[in-house]
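Here's the structure, in structure tokens; my notes come after.
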Amino acid sequence: MASGTGSTSIRPGNWLLVGYWLIVELGVVPGAMGPGCCSQPIVGSRHALKGDYLETGLVFPMKHPLFGVMFQEESNCHFQNIHLCKEFFGEGFFKTTFWIVWSTTFGFQPCHSVAEFRRCLHRFYNDFDELKHCSILDRTRFNHHESIVVPITHVLQHEGVGFRFHTKVTDIVTDPTYDHRHVSTIRYIENGPEKIIEVGQNDIVIVSLGSVMSGSTRILRRWNQWAQKTTSTRTGYYGWNWRQKMPNSEFGNAYNFCMRMSESRLESFTVTLRNPTFFNRFIDLTDDEPYTGALVTLKDSNWLFSLSIPHQPLFPNQPEHVQVF
56 MASGTGSTSI RPGNWLLVGY WLIVELGVVP GAMGPGCCSQ PIVGSRHALK
106 GDYLETGLVF PMKHPLFGVM FQEESNCHFQ NIHLCKEFFG EGFFKTTFWI
156 VWSTTFGFQP CHSVAEFRRC LHRFYNDFDE LKHCSILDRT RFNHHESIVV
206 PITHVLQHEG VGFRFHTKVT DIVTDPTYDH RHVSTIRYIE NGPEKIIEVG
256 QNDIVIVSLG SVMSGSTRIL RRWNQWAQKT TSTRTGYYGW NWRQKMPNSE
306 FGNAYNFCMR MSESRLESFT VTLRNPTFFN RFIDLTDDEP YTGALVTLKD
356 SNWLFSLSIP HQPLFPNQPE HVQVF
């Protein structure tokens with residue numbers, strides 16, 4: 056995908072790897088690879104402290120179960136009996152710098168499974184001290200939609216891939232001959248009555264576990280008025296119906312997420328500014344330029360509030376006097 060280019064500009068529709076290469080390798084984003092410029096501030100109630108990644112806050116009683124998780128096989132019966140991190144680690148573990156950095160970087164909560172936590176440890180534990188550097192994080196020039204979704208969509212369309220929007224999958228029929236591991240039929244509704252797609256033996260079916268935007272709610276604040284727009288909850292959860300009926304337990308338990316909404320949902324926000332005051336104060340507080348640092352975590356916040364300050368502009372046609380984070 057990284058076709059050659061004779062310009063260092065990053066335009067909408069450019070290849071994803073070209074954009075990443077221009078940012079990280081050529082340093083189009085100033086200071087992206089500068090030494091020490093990407094530390095994650097852990098902001099307390101009165102002042103900002105640079106997160107000391109060597110001082111994780113882990114004492115030996117906490118390290119023992121942590122390393123136990125890393126070196127045991129996932130199929131170990133111990134994981135079968137203890138599914139939640141909060142049941143495996145002591146309460147003090149979730150107050151350490153290690154957990155604050157880990158949970159805010161990768162979105163973990165104490166209610167998440169030990170098995171999932173173990174997989175993430177295997178992937179990133181050796182790089183823990185490097186999480187403060189942009190070199191370990193894949194950065195894109197614009198937002199993910201412009202830099203990832205749009206270029207990949209263009210490539211797939213060029214290759215003849217068909218996209219069907221406003222289409223609802225009502226059921227996925229599996230073949231009992233193969234212990235319900237193979238999909239035989241896909242039932243869906245598209246502009247009218249239900250239709251079916253017969254799946255051949257050489258076909259590959261990739262099924263999403265569920266859209267993160269399913270049943271989402273958007274709240275817009277303009278001036279002093281709140282306006283709430285909800286993507287229809289009934290249609291938003293249509294996908295869970297057939298997922299709950301999957302006969303093979305290896306596909307997971309979708310109903311578990313429906314019954315634990317407070318633990319499975321995610322809140323995020325986007326702020327649009329029309330003057331540089333916030334960004335200037337952010338630089339003074341953290342000693343980091345926007346776009347060079349990792350997340351900024353307000354550890355004393357009841358929500359464990361984190362800020363992501365991206366490179367500007369975040370959108371291709373964003374005016375110069377506007378900042379978005």
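If you're matching positions, the sequence shown starts at 56 in this note's numbering and goes up one per residue.
Cβ coordinates follow ideal geometry from the N, Cα and C atoms, glycine included.
Values in this document were obtained by computation on a predicted structure and should not be read as measured data.
Inter-residue spacing [alpha-carbon to alpha-carbon] between residue i and residue j
i: F149; j: S130; result: 25 Å
i: G68; j: V210; result: Residue placement at G68 cannot be trusted, given a pLDDT of 48 that sits under 50; the coordinates are not used to answer.
i: T195; j: I203; result: 8 Å
i: D343; j: H366; result: 12 Å
i: W25; j: Q256; result: Because the chain spans 56 through 380 in this model, residue 25 falls outside it and cannot be assessed.
i: R178; j: V169; result: 14 Å
i: Q448; j: Y180; result: Missing from the structure shown is residue 448; the chain here goes from 56 to 380 and no further.
i: I251; j: E201; result: 33 Å
i: E232; j: S356; result: Glu is not the amino acid found at residue 232; the sequence shown has Thr there. Spanning the two alpha carbons is a distance of roughly 53 Å.
i: E249; j: P206; result: 32 Å
i: Q212; j: Q373; result: 27 Å
i: Y243; j: V228; result: 11 Å
i: D182; j: E214; result: 37 Å
i: E142; j: F334; result: 40 Å
i: E245; j: R315; result: 31 Å
i: K118; j: T208; result: 44 Å
Beta-carbon gap between residue i and residue j smaller than 8 Å
i: T159; j: S361; result: yes
i: L328; j: V377; result: yes
i: T325; j: V379; result: yes
i: V254; j: V262; result: no
i: D226; j: S239; result: no
i: L350; j: S363; result: yes
Residue burial classification, residue i (beta-carbon count within 10 angstroms, cutoff 16)
i: L218; result: The sequence as given places Phe at residue 218; Leu does not occur at that position. Flag for F218 reads exposed.
i: L340; result: exposed
i: I155; result: buried
i: C93; result: Residue placement at C93 is poorly supported in this model, since its pLDDT is 41, which falls under 50; the coordinates are not used for a value here.
i: F337; result: buried
i: E146; result: exposed
i: S304; result: exposed
i: T288; result: At T288, the pLDDT of 42 sits below 50, so the modelled position is not reliable; the number obtained from the coordinates is stated separately. The residue in question, T288, is exposed, as its Cβ has fewer than 16 Cβ neighbours within 10 Å.
Candidates the options: closest to residue i by CA position
i: D234; options: N372, F306, R273 and E322; result: F306
i: G247; options: I227, C166 and H221; result: H221
i: S319; options: R174, N357, H167 and P365; result: H167
i: T151; options: P374, E375, L359 and E249; result: L359
i: F144; options: V156, V124 and W157; result: V124
i: H237; options: I251, E249, Y243 and D258; result: D258
i: R273; options: M314, E146, P206 and S323; result: S323
i: E375; options: N330, M314 and L121; result: N330
i: P368; options: K118, N181, H199 and D182; result: H199
i: P165; options: F122, C175, L139 and D182; result: L139
i: C175; options: E245, S304 and L121; result: L121
Integer-rounded CB distance, given that residue j should sit under 8 Å from residue i
i: F370; j: F197; result: 6 Å
i: V224; j: I241; result: 6 Å
i: F153; j: F163; result: Not quite, the Cβ-Cβ distance comes to about 11 Å (not below 8 Å), so this is no contact.
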